[in-house]
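For the sequence shown, this note's numbering begins at 10 and goes up steadily by one. Backbone N, C-alpha and C define an ideal beta-carbon position, used for all residues, glycine too. Shown next, in structure tokens, is the structure this report addresses.
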Amino acid sequence: MEVWAQALHSLNEADEHTDVSLVWSVMEGNNTIPVIVINREGEITDYRNIEDTTSMASYASRMIQAGDTIRVDGQLVCYDDSVMLKRLAAWPYVQLGIVLIFVVVAIFALLSSKRAEQNKVWVGLSKETAHQLGTPISSLMAWTEMLKETYPDDELLPEMDKDVKRLERIAERFSKIGSVPEPIESSMNEVLQHVIEYMNRRTSQKVQIISKMPEENVIVKMNASLFEWVIENLCKNAVDAMEGKGTITLSLWRDDEDVVIEVQDTGKGIKKKDIKNVFTPGFTTKKRGWGLGLSLAKRIVEEYHKGHIFVKSSEIGKGTTFRIEMPK
């Protein structure tokens, strides 16, 4: 622009004997840099490479404020960066953005890999647990049958038989964790009722379980055994949170799109900072426990049944409500 301004000065000083061919080549050679020439009276006398000529006055003001001016023979040459320079100025930010995208993708891939590896560990642990439980359960079943023959009138044997069958069902659930179970149409009312009956037999009389279910059967495509385990796990956590005394409310209803199940307790509640971690494998607020129950429940609901499980609400000292939404 200094060369261009010098050429303008030479053109202003030229007379009829001056060779201005070089000056004109310099003047005409500027095909990219926006230029506005203003005379002493503040009028625009010349311009180059300006697309919008209607706002040249405001454009020239911005150039002057930015200090992009050269004074020549009382005239003010105002100029701006060319399109190429503007693109070059923005290019480092584009590069930085591309690098950040690569970093984000790499972190996401690393986390996904870690999560997949973690899932494999839990699945392997579940299958191994089911395998290890298989042999003693088979033995217990055989011993139970022998006891039935020896003591047919014993009142405790039916309860022992129920417990053995319960162990067999637990082993079956763990064995299914690693594979996608085949969902069939089942009654959600029956699933909740089985859980209520089981919890009533295994918990203190100080724990009251209230059910709020419609009279008609709510049919959902699911694996009833695994889903029963999910509700049972939520109820057991509720009993632990209430320290063996309080009320658990199981609610079931349909809305426009989903079948909704809520498990509400009157326990000690969950701290706000812990709510986002309750489904993370290994996280637990108990003194004992592996922190696997809720993470497996989430896997069963969301991966196997395409539903959604989350903490609807929780208040310290008043209780927690877990909500499950299942597609109809």
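C-beta contact flag for residue i and residue j at 9 Å
i, j, result
"cysteine 244", "valine 272", "yes"
"asparagine 246", "glycine 328", "no"
"arginine 263", "valine 227", "yes"
"lysine 221", "leucine 166", "no"
"glutamate 252", "methionine 208", "no"
"valine 81", "histidine 18", "yes"
"leucine 305", "serine 135", "yes"
Member of the options whose CA lies at the smallest distance from the CA of residue i
i, options, result
"glycine 133", "Leu17, Phe183, Val112, Thr293", "Phe183"
"glutamate 50", "Gly83, Leu149, Leu166", "Gly83"
"valine 287", "Asp267, Leu165, Arg308", "Arg308"
"valine 216", "Trp238, Ser234, Thr256", "Thr256"
"histidine 314", "Thr78, Val239, Lys254", "Val239"
"phenylalanine 319", "Pro290, Lys285, Lys337, Val92", "Lys285"
"glycine 326", "Val108, Val114, Ala250", "Ala250"
"leucine 20", "Ile228, Leu31, Asn198", "Leu31"
"glutamate 60", "Ile116, Ile45, Gln74, Ser70", "Ile45"
"asparagine 198", "Arg210, Leu261, Leu149", "Leu261"
"isoleucine 5", "Glu252, Asp265, Ser323, His317", "The structure shown does not extend to residue 5, since the chain spans only 10 to 337, so no value can be given for it."
"isoleucine 146", "Val130, Arg96, Lys171", "Lys171"
"lysine 281", "Lys321, Val12, Lys136, Arg124", "Lys321"
"glycine 276", "Trp100, Ser122, Thr330", "Thr330"
"arginine 175", "Leu235, Pro161, Leu120", "Leu235"
"valine 310", "Thr293, Arg332, Val108", "Arg332"
Separation of residue j from residue i, as counted between CA atoms
i, j, result
"leucine 156", "glutamate 206", "26 Å"
"isoleucine 53", "threonine 27", "26 Å"
"serine 195", "lysine 230", "6 Å"
"isoleucine 219", "aspartate 163", "33 Å"
"glutamate 126", "alanine 180", "23 Å"
"threonine 212", "glutamine 202", "15 Å"
"glycine 143", "alanine 151", "13 Å"
"methionine 335", "glutamate 237", "14 Å"
"valine 86", "isoleucine 79", "5 Å"
"valine 114", "glycine 316", "27 Å"
"serine 70", "serine 64", "10 Å"
"leucine 105", "arginine 124", "28 Å"
"arginine 57", "aspartate 77", "15 Å"
"aspartate 24", "alanine 99", "44 Å"
"leucine 362", "valine 112", "This structure leaves residue 362 out entirely; the chain is present only between 10 and 337."
"asparagine 39", "leucine 94", "14 Å"
"methionine 72", "isoleucine 110", "35 Å"
"histidine 140", "phenylalanine 117", "34 Å"
"proline 290", "proline 161", "45 Å"
"serine 67", "aspartate 90", "16 Å"
"glutamate 168", "aspartate 265", "42 Å"
"proline 223", "valine 204", "17 Å"
"serine 34", "threonine 62", "24 Å"
"valine 29", "valine 103", "43 Å"
"tryptophan 131", "arginine 210", "30 Å"
"valine 200", "proline 101", "60 Å"
"valine 248", "glutamate 225", "28 Å"
heavy atom of the ligand GTP below 8 Å from residue i C-beta
i, result
"histidine 317", "Absent from the structure shown: the ligand GTP. Ligands present: none."
Cβ distance (whole Å) where residue i is taken to contact residue j below 8 Å
i, j, result
"valine 173", "threonine 159", "So it is not a contact: roughly 16 Å between Cβ atoms."
"methionine 36", "alanine 16", "5 Å"
"aspartate 274", "lysine 337", "Their Cβ separation, rounded to whole angstroms, is 27 Å, which puts aspartate 274 and lysine 337 out of contact at 8 Å."
"tyrosine 88", "isoleucine 42", "6 Å"
"proline 192", "asparagine 128", "Proline 192 to asparagine 128, Cβ: 20 Å. No contact."
Contained alpha helix (DSSP H) runs [length at least 4] in the segment 50-120, N- to C-terminal order: 65-75
Please give me, in chain order, every unbroken run of the beta strand (DSSP E) with length at least 3 that falls completely inside the segment 153-198. 193-196
Extract the residue ranges of the alpha helix (DSSP H) inside the segment 238-322, only unbroken runs of 4 or more that lie entirely within it. Every unbroken stretch of the alpha helix (DSSP H) spanning 4 or more residues and falling wholly within the segment 238-322 is given here in chain order: 281-284, 302-307.
4 or more residues per run - each alpha helix (DSSP H) lying fully within the segment 29-53: 30-37
At 4 residues or longer, what runs of the alpha helix (DSSP H) sit wholly inside the segment 122-146? Runs of alpha helix (DSSP H) with 4 or more residues, each lying fully within the segment 122-146, are absent.
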